[in-house]
Structure formats: C-alpha cells, structure tokens
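Down below is the structure, laid out as structure tokens.
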Amino acid sequence: MPAHPRILSLDVTSSLGSISLLEGPEILGERSWKTDHSHAETVLPELESALREASLAIRDLDLLVGVNGPGSFTGIRIGLGILLGLGEALAKPLRTVSALEAVAFHFCGLRNRIHVSLDARRNQVFFQSFDLTYGSVEPSDEPSCASADEWAASLPPPSVPVTGSGAWLHRALLERSCPGRDLLRPPEALSALAGRLAFYRWQHAPTKPQESPTALYIRPPDAIRKASAAMPQKQAFSG
Amino acid sequence: MLILGIESSCDETAAAVLSGEPQVLSSAVASQIDVHHAFGGVVPELASREHLRNIRPVVQQALREAAVELRDIECVAVTYAPGLIGSLLVGVTYAKALSFALGVPLVAVHHLEGHVFAAELEHGPFPYPALILIVSGGHSSLLFSEEREKYKLVAQTRDDAAGEAYDKVAKLLGLGYPGGPILDRLAAEGNPRAYPLPMARFSDGSLDLSFSGIKTAVVRLVAEQQIPRAAAADAPQPGEILDLAASFQYAVIGTLLDRVKRAAAHLSPRCVVLTGGVACNRGLRAAFREHFEPQGIRVLFPRPAWTTDNAAMIAAAALPKARRGEFADLRTSAYATVPLTRERIPMPNPLKNN
Chain X
1091 MPAHPRILSL DVTSSLGSIS LLEGPEILGE RSWKTDHSHA ETVLPELESA LREASLAIRD
1151 LDLLVGVNGP GSFTGIRIGL GILLGLGEAL AKPLRTVSAL EAVAFHFCGL RNRIHVSLDA
1211 RRNQVFFQSF DLTYGSVEPS DEPSCASADE WAASLPPPSV PVTGSGAWLH RALLERSCPG
1271 RDLLRPPEAL SALAGRLAFY RWQHAPTKPQ ESPTALYIRP PDAIRKASAA MPQKQAFSG
Chain B
946 MLILGIESSC DETAAAVLSG EPQVLSSAVA SQIDVHHAFG GVVPELASRE HLRNIRPVVQ
1006 QALREAAVEL RDIECVAVTY APGLIGSLLV GVTYAKALSF ALGVPLVAVH HLEGHVFAAE
1066 LEHGPFPYPA LILIVSGGHS SLLFSEEREK YKLVAQTRDD AAGEAYDKVA KLLGLGYPGG
1126 PILDRLAAEG NPRAYPLPMA RFSDGSLDLS FSGIKTAVVR LVAEQQIPRA AAADAPQPGE
1186 ILDLAASFQY AVIGTLLDRV KRAAAHLSPR CVVLTGGVAC NRGLRAAFRE HFEPQGIRVL
1246 FPRPAWTTDN AAMIAAAALP KARRGEFADL RTSAYATVPL TRERIPMPNP LKNN
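Residue numbers (the numbering used here), protein chains in the order written: chain X, 1091 to 1329; chain B, 946 to 1299.
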C-alpha cells in the first residue's frame, strides 16, 4: 500500500448520496446526488463517472471506504453491498466509518468535543459524543437511538456544541431544553469526510487486518422490538 | 463459460458456479430458518440483515467448492425480481459491484424463471409443450410453455402462496417453521378425509388459485373443535393434529391437481413440471405422478436441493441469455413484483357450458 493510497469513499445512508475519490487526504474527485428512491440504480453509474473524471480505473484504487450507518436501513445495505462486491473483486482492504463519526470529523481542529445527532425519523434521533483532535475522532460514549425528548434530556454538558441533521431538525426543542448551547450547521455530503477519516486511521494502523464491514443499524427491526416488548423483561432480545 | 449465480430474493442467501455444459460446480446456500423460526414466517428486515452478513462468505464458499478463482468467472448472474425488496437489493448491489470491478457482464434473472431452470438442470430440455407449476412460500403460478424461455400465464394465486398457507397453518398449530416439510410428514400419518376443507374455485372459470379460504377454515376448526396446539414440532402429535395436517394437505394438493388437470385437458402438454419449495412435498409429487403418468404425460421435478431457493438455478437461467448477449447494465435494480410474462391464456369457463 502506498503512503498516500487511492481511496474510494461511498455514502448512501441518507437521501443525499456521495462518492469521493482521494489520494491520501487530497480529494481527486467528488460526486453527490439527491434521491427520494433507492440508491441502487445510481451508485455504480456515479462511480463510473467519478473514475472517468479523475482519469482513474477501478483497479487503481488501494482502499475502499463506506459509511456503514446509522441511517436508512436500505441505504446502509446498498452501500455495504457495493463495498463488499468491489472489495471481493479487487481484493483490496475495506474500512467503514459511521455517519456520526464523519459528521464529527468535519469539526476536527475547530472544537475539542462535539455531540452529533442525526435524524432517525419517527421523531427519533441517533446520537453520540466525540473527543476531537487534529485528524482524530474518538467516541466518548456508545452510539444510541432515542426519542427526541429523551435525547434532549440526556445531552452532555452545555459547553459541548451540538450538530447533525437531528439536532437541526429539533432545534426548537434543543433551545427550550438547553438555551444558549452552540448548534453548529452540519456538513451535507459525507463521503469525503469518511474517506479522510479512514485515511488518517489507516495511517495510524496500516497493518490492521482486513475488516469485514458490518452495518451500524443501532435501531433493531420492528419485529424484534415488538417481540421484546411482548416478552417478560428478563427474556427480552438485546440484539 | 463460467457463471457465478447469486440469489437473495427471500430468506436464503445462495451462490453457485455453473459451467457452460451446463454443469453445477458448486451450490452454496445459507438458510435463515433459525432466524425466522421464532416468528413463524420470514421477517423482511431480519432477512435483509442476514443477507448482508451472509453474502460474502456464501460466494467465497461457492468459489472454493467449485475450485475456481473469482478472476476465472466470465459472467455474474443475479435474481433481480420478484421477492422481498430489501433482500433482493443485497444480492443485486453485490453482484453489480462484482461485475463492474471484474469487468465481466451481468445477467439479471427473474426468480420464477430460475425455478423453471432448476427442473431443466435436473432433466435437460423439457418435452414441449410443458405445463409448469411453481409453488413456494412466495409464489404459486401455473405457466404454459411451448418453447424454451417462452411463457404464458395460466393461473396464479389471488391471495396466499401455497407455501405461505403451509407456514401459517403450521404456526397456528404450534408446529414450527417452515410449515411445508412438517405438515407433509404429519399428513402421512393422518386421515385426509377427517376434516372436509374447502377447495376454492372461481365462478369466472379462471384457474386462479386461492389458499386463504383453506387457512381460514383451519382457524375456525381449531377454535370450534378446541384442537390443542402441538407441544413441540418433533414430539409425537395427537390424532387431531395428524388428521388436520392430512386434511389440509389433501385440500391444498387437491386444489393444485384440479387446476393442472383442467389446464392439461385444454392445453395437451407433454410434461408437467413441478418446481419451487413446495415441490419437495411427497404427497404432491405422488398425486401428480399417479394422475399424469398413466396418461403418458411426464412429471418432472428437481432434486430437493434445487426445488428450494438456490443460485444454481439462477446461473442456469442466465446461461442462454449470456450466450445471446442479453446483459444488464449498471442501472439495473431490484423489484418486488415483476410478472414473468404478461401474456395470459384464457381458459374456457366450464360453468358457462352447463
């Protein structure tokens, strides 16, 4: 692997899909698109265009990166399905970055701590807090999913700024529960952020064994939640 | 030509390698029965999650068992419809990425045509014309085929698929999942005439199928006669359960046989093909053989491993398309419902003639 590997980074976990091609931390090309439907039809034609614009062939890539969630369950699987297929065919290493981490990375060098909250629909949010240093995003708690009210009641201290589509959507609630807290406008497309973060992590652990990407759903399927709710507490499904 | 087939339309993740003879070099299947067992049926979101976990190891297993490398693969084939959309998407996106990165063509295969080719894999080209009954947990369709890869719809279910009815009745009786093999086994020990169950026919003369009436009748019977739920699927069952299993199976097989008999009387096929997961059913196979073979109509069905969902049948269905250069492009997606054919054969209405 070269010191500055050529990286494909892909995010289709929300309605805004994006693909970035990087060489180390430098962006060679980027494409983003909005869809109300499945990304399944779009991703590979967009990748083909991005490669052509950057004068690269698919075999020139050294590292494949995907955003593994949280977000649309279908989008997560489309992204990881593509990533797994490319990785298998090219025999190149795979890395994943969560959407929460990618958003947090946007504020590296600007803030020391950040709390990210993403819209999870159903009046819920996915959220996590991070410690930030230059080129590094370290989670300070586990990623979670809760109702907007529960989230607002469990926020970190007021000195920690908040960002993300969930925080933005529920800004009135945030203002009521914690007036004066910094609410930062989140980045839109995430693929370049995820690619850069993956590069810095790869630099720190280049010999890390090839990762088998797993999805970060956070929220269990409805069938499991209903079954858990119907069971006595001790038998509740925890997965 | 070496084809890698991928199938993920419902609750089985499958991959297979097929050579051009055609010869199945490997057929790997990761079943999700244990995942869905507690729910008495397939839970779509759970199925999608399992497919994503399984797709890579299943493809690797198929390549290993075929003793080929991915770079030897000359074509990728994948099920694109019909099925559970989340499940289909895992196979389609994975297959498209493989095809794109390997620089080999992609063939998109209709799942029902895959089931047709499962029988062709077993027996070689059919003696045409053929009546093809596809019965599984998600599909119940009767097709007429006068030549290879050309289909006309004779009938399809208007509500539950046959296998779905088996699963629902087994769940109601507390027998477990999947219901087909369990009820088939118990039916052999019961009296098929103990409980008369309805076999639906449509007044418009259509040969379409319906299994919801049989299922509802079982629900009513269980409530009225206070038939107890089975204690455990593998435990000895009381006589009422055995008789109910036999009566249910008798009604389902009777309905299927009735439709194929009526279609055969009109269309004069040279063979009847039984395929799909329910074609494993011993009672169904025996009833069809008993009726059609004395008339010189061959009854063809695949081996059990190829009746249920598998990828060898998808690769087999792709082979003639690949040879003709009928390839899919990078925009190919998955679709929950796409008919295999839009051409329907009108059937004479016996009620009008009376």
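For glycine and all other residues, C-beta sits at the position ideal for the given N, C-alpha and C.
- Query: Are the CB atoms of residue 1224(B) and residue 1193(B) nearer to each other than 9 Å?
  - Reply: As a first step, residue 1224(B) is located in the second sequence; it is residue number 279 there, counting from the start. As a first step, residue 1193(B) is located in the second sequence; it is residue number 248 there, counting from the start. No, they are not a contact pair.
- Message: Taking its Cβ as the centre, do 16 or more other Cβ atoms sit within 10 Å of residue 1266(B), making it buried, or is it exposed?
- Response: Here residue 1266(B) refers to the residue found at position 321 when the second sequence is read from its first residue. The residue in question, residue 1266(B), is buried, as its Cβ has 16 or more Cβ neighbours within 10 Å.
- Query: Ordered along the chain, which non-local residues of its own chain (more than five positions away) have a Cβ less than 8 Å from that of residue 1324(X)?
  - Reply: Numbered from its first residue, the first sequence carries residue 1324(X) at position 234. Confidence is the limiting factor: at residue 1324(X) the pLDDT is only 38, short of 50, which leaves the residue's position unreliable and the question unanswerable from this model.
- Message: Can you check which of these residues, 1112(B), 1233(B) and 1102(B), is closest to residue 1153(B) by C-alpha distance?
- Response: Taking the first residue of the second sequence as 1, we reach residue 1153(B) at position 208. Nearest of 1112(B), 1233(B) and 1102(B) to residue 1153(B), Cα basis: 1102(B).
- Message: Give me the chain X residues within the contact set of residue 1000(B), using Cβ-Cβ distance strictly less than 8 Å, ordered along the chain.
- Response: In the second sequence, residue 1000(B) corresponds to position 55, counting from 1. Those are 1171 and 1174, listed as they occur along chain X.
- Exposure label - residue 1224(X); buried when at least 16 CB within 10 Å: Mapped onto the first sequence, residue 1224(X) falls at position 134. Flag for residue 1224(X) reads exposed.
- Message: Rounding to the nearest angstrom, what Cα-Cα distance links residue 989(B) and residue 1248(X) in this structure?
- Response: Counted from its first residue, the second sequence places residue 989(B) at position 44. Counted from its first residue, the first sequence places residue 1248(X) at position 158. If I take the Cα positions, the gap works out to 41 Å.
- Is there at least one Cβ from chain B nearer than 9 Å to residue 1163(X)'s Cβ? Locating residue 1163(X) in the first sequence gives position 73, where the first residue counts as 1. With 9 Å as the cut-off, residue 1163(X) counts as an interface residue toward chain B.
- Evaluate the contact criterion for the region 959 to 974 of chain B versus the region 1241 to 1257 of chain B: three or more CB pairs, one atom per stretch, below 8 Å. yes
- Message: Once DSSP output is grouped into helix, strand and coil, what is the label at residue 1039(B)?
- Response: Taking the first residue of the second sequence as 1, we reach residue 1039(B) at position 94. Note: residue 1039(B) maps to helix in three-state DSSP.
- Query: Under the rule that 16 or more other beta-carbon atoms within 10 Å means buried, what is residue 1240(X), buried or exposed?
  - Reply: Start at 1 with the first residue of the first sequence, and residue 1240(X) comes out as number 150. Per the 10 Å Cβ criterion, exposed.
- Spell out a yes or no on whether the region 979 to 993 of chain B and the region 1018 to 1026 of chain B are touching, meaning 3 or more CB-CB pairs, one atom from each, closer than 8 Å. no
- Item | Selection of the region 1219 to 1246 of chain X by Cβ proximity to chain B, strictly under 8 Å | none
- Should residue 962(B) be flagged as near chain X, meaning a C-beta pair shorter than 9 Å? Here the question's residue 962(B) lines up with position 17 in the second sequence. Judged by the 9 Å Cβ criterion, residue 962(B) is not in contact with chain X.
- Message: Let me confirm a value: residue 978(B) is counted as buried when at least 16 other C-beta atoms fall within 10 Å, else exposed. Which label applies?
- Response: In the second sequence, residue 978(B) corresponds to position 33, counting from 1. Classification of residue 978(B): exposed, given that the 10 Å Cβ count is below 16.
- Message: I need the straight-line Cα distance from residue 1198(X) to residue 1057(B), nearest angstrom please.
- Response: Here residue 1198(X) corresponds to residue number 108 of the first sequence, with the count starting at 1. Here residue 1057(B) corresponds to residue number 112 of the second sequence, with the count starting at 1. The alpha-carbon atoms of residue 1198(X) and residue 1057(B) are separated by roughly 52 Å.
- Item | Residue-chain proximity (residue 990(B), chain X), Cβ-Cβ < 9 Å | Residue 990(B) sits at position 45 when you count from the first residue of the second sequence. Yes - at least one Cβ of chain X is within 9 Å of the one on residue 990(B).
- Task: Kindly indicate if chain X contains any beta-carbon less than 9 Å away from that of residue 1139(B).
- Result: As a working note, residue 1139(B) is residue 194 in the second sequence. No, residue 1139(B) lies away from the interface with chain X (no Cβ there is under 9 Å from its Cβ).
- Query: Which residues in the same chain as residue 1328(X) place their Cβ atom closer than 6 Å to its Cβ, once the five residues preceding and following it in sequence are excluded?
  - Reply: Here the question's residue 1328(X) lines up with position 238 in the first sequence. Confidence at residue 1328(X) is low in this model, with a pLDDT of 29, below 50, so its placement is unreliable and the value that follows should be read with caution. Excluding positions up to five away in sequence, the list is empty.
- Would the beta-carbon of residue 1164(X) fall within 9 Å of that of residue 1128(X)? As a position in the first sequence, residue 1164(X) is number 74, starting the count at 1. As a position in the first sequence, residue 1128(X) is number 38, starting the count at 1. For residue 1164(X) and residue 1128(X), yes; Cβs fall inside 9 Å.
- Determine the direct distance from the alpha carbon of residue 1282(B) to that of residue 1086(B), and round the result to whole angstroms. The residue labelled residue 1086(B) in the question sits at position 141 within the second sequence. The residue labelled residue 1282(B) in the question sits at position 337 within the second sequence. Distance between the alpha carbons of residue 1086(B) and residue 1282(B) is about 13 Å.
- Query: For residue 1221(B), which of 1162(B), 1077(B) and 946(B) has the nearest alpha-carbon?
  - Reply: On the second sequence, residue 1221(B) is found 276 positions in, with the first residue counted as 1. The candidate whose alpha carbon is nearest that of residue 1221(B) is 1077(B).
- Message: On the DSSP letters alone, give me the boundaries of the alpha helix (DSSP H) that residue 1060(B) sits inside.
- Response: The residue labelled residue 1060(B) in the question sits at position 115 within the second sequence. Here the alpha helix (DSSP H) through residue 1060(B) covers 1056 to 1068.
- Is it buried or exposed for residue 1155(X), if we count other Cβ within 10 angstroms and need 16 for buried? On the first sequence, position 65 is the one that residue 1155(X) refers to. Per the 10 Å Cβ criterion, buried.
- Message: Per DSSP, what are the beta-bridge partners of residue 1221(X) in this structure?
- Response: Here residue 1221(X) is taken as the residue at index 131 of the first sequence, counted from 1. Bridge partners of residue 1221(X): 1203(X) and 1228(X).
- Task: Just the C-alpha distance for residue 1169(X) and residue 1120(B), rounded to the nearest angstrom, thanks.
- Result: Here residue 1169(X) is taken as the residue at index 79 of the first sequence, counted from 1. Here residue 1120(B) is taken as the residue at index 175 of the second sequence, counted from 1. Near 38 Å, if we compare the C-alpha coordinates of residue 1120(B) and residue 1169(X).
- DSSP on residue 1182(B), reduced to helix/strand/coil? The residue given as residue 1182(B) occupies position 237 in the second sequence. Three-state DSSP puts residue 1182(B) in coil, outside helix and strand.
- Query: Fully enclosed by the region 1184 to 1225 of chain B, which alpha helix (DSSP H) runs are 4 residues long or longer?
  - Reply: 1184 to 1212
- Task: For residue 1039(B), go through chain X and note every residue whose CB falls closer than 7 Å to its CB, in chain order.
- Result: Start at 1 with the first residue of the second sequence, and residue 1039(B) comes out as number 94. Within chain X, the residues near residue 1039(B) are 1171, 1174 and 1175.
- Task: Would you verify that the beta carbon of residue 1101(X) is, or is not, closer than 9 Å to some beta carbon of chain B?
- Result: To locate residue 1101(X), count along the first sequence from 1; it is residue 11. Not closer than 9 Å to any Cβ of chain B, the Cβ of residue 1101(X) fails to qualify, so no.
- Could you work out which residue in 1272(B), 1164(B) and 1210(B) is closest to residue 1293(B) when comparing CA atoms only? By one-based count along the second sequence, residue 1293(B) stands at place 348. Among 1272(B), 1164(B) and 1210(B), the Cα nearest to that of residue 1293(B) belongs to 1210(B).
- Label residue 993(B) either buried or exposed according to how many other C-beta atoms from any shown protein chain fall within 10 Å of its C-beta, with 16 as the threshold for buried. On the second sequence, residue 993(B) is found 48 positions in, with the first residue counted as 1. Residue 993(B) comes out buried.
- Establish whether the CB of residue 1126(X) and some CB of chain B are separated by less than 9 Å. Translated into positions along the first sequence, residue 1126(X) becomes position 36. For residue 1126(X), the answer is no, since every Cβ of chain B falls outside 9 Å of its Cβ.
- Query: Can we say the region 1049 to 1056 of chain B touches the region 1180 to 1187 of chain X, given the rule of at least three CB pairs closer than 8 Å?
  - Reply: no
- Task: Classify residue 1316(X) as buried or exposed, calling it buried when 16 or more other Cβ atoms lie within 10 Å of its own Cβ.
- Result: One-based indexing of the first sequence puts residue 1316(X) at position 226. Residue 1316(X) comes out exposed.
- Message: To be precise: take each residue of the region 1260 to 1292 of chain B, compare its Cβ to all Cβ atoms of chain X, and keep it if any distance is under 7 Å. Which residues remain?
- Response: 1275, 1276, 1278 and 1279
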